[in-house]
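Peer 1: In short: position in the sequence shown from 1, add 67, done, that's this note's numbering. Quick one: this structure, given as structure tokens, is what I'll be asking you about.
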Amino acid sequence: MQTVTTSTSQGPDAAIACPKCGHVHNLDFHTPDQDNRMTTVLCSCGETFLVVLDARQFERKTVAIKGMYTVMNDSGLGGLVSLRDLSEGGVGFALSRPCELQPGWLITVVFELAGKEKRVIIAKATIRSVQGMDVGCSFVNPEQVRQDILAYFQC
């Protein structure tokens, strides 16, 4: 069964196209709680597919940007990373080497957005999830970087 992911960043209603025939199904995610984050759709063409709700405040964009991080404590931990996704509210990246990072830790993330103008982003972030070498963070002060990220997305 194929999986289609949709975001609530544009509102609680989603128009989802069948991956087989393209028929559009209108779905309502007005109450995005734990029990309402996915649903199975049976299309008129006979295709069954899973729709997963990504209930983030801001839509994530897939990126391929090199950067670095530093843990904001006395541990001296830090290193190179590959940013995989970026939003107005946070960043996801892959570590270049294993490290014992923990959710809740504060880090500084540094990366460059190349567009019409190059923008070096230096942002404080809170680690939200660590799954192996993949780390998800939310910016401590998203307003500080929002305009640069939005300008990058428009390029």
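C-beta: ideal position from N, C-alpha, C; glycine also.
Hey, T106 and T115: beta-carbon distance below 8 Å or not?
Peer 2: no
Peer 1: From L109 to V207, what does the alpha carbon distance come to, in whole angstroms?
Peer 2: 41 Å
Peer 1: Three-state secondary structure (DSSP) at F125?
Peer 2: coil
Peer 1: Are the Cβ atoms of V158 and A192 separated by less than 8 Å?
Peer 2: yes
Peer 1: Which residue wins for smallest C-alpha separation from K183, given the options L162, A84, Q221, K133?
Peer 2: Q221
Peer 1: How close, in whole Å, do the beta carbons of F178 and G134 come, if the pair is a contact with beta carbons under 8 Å?
Peer 2: Between G134 and F178 the Cβ distance is about 3 Å, and since that is below 8 Å, they are a contact.
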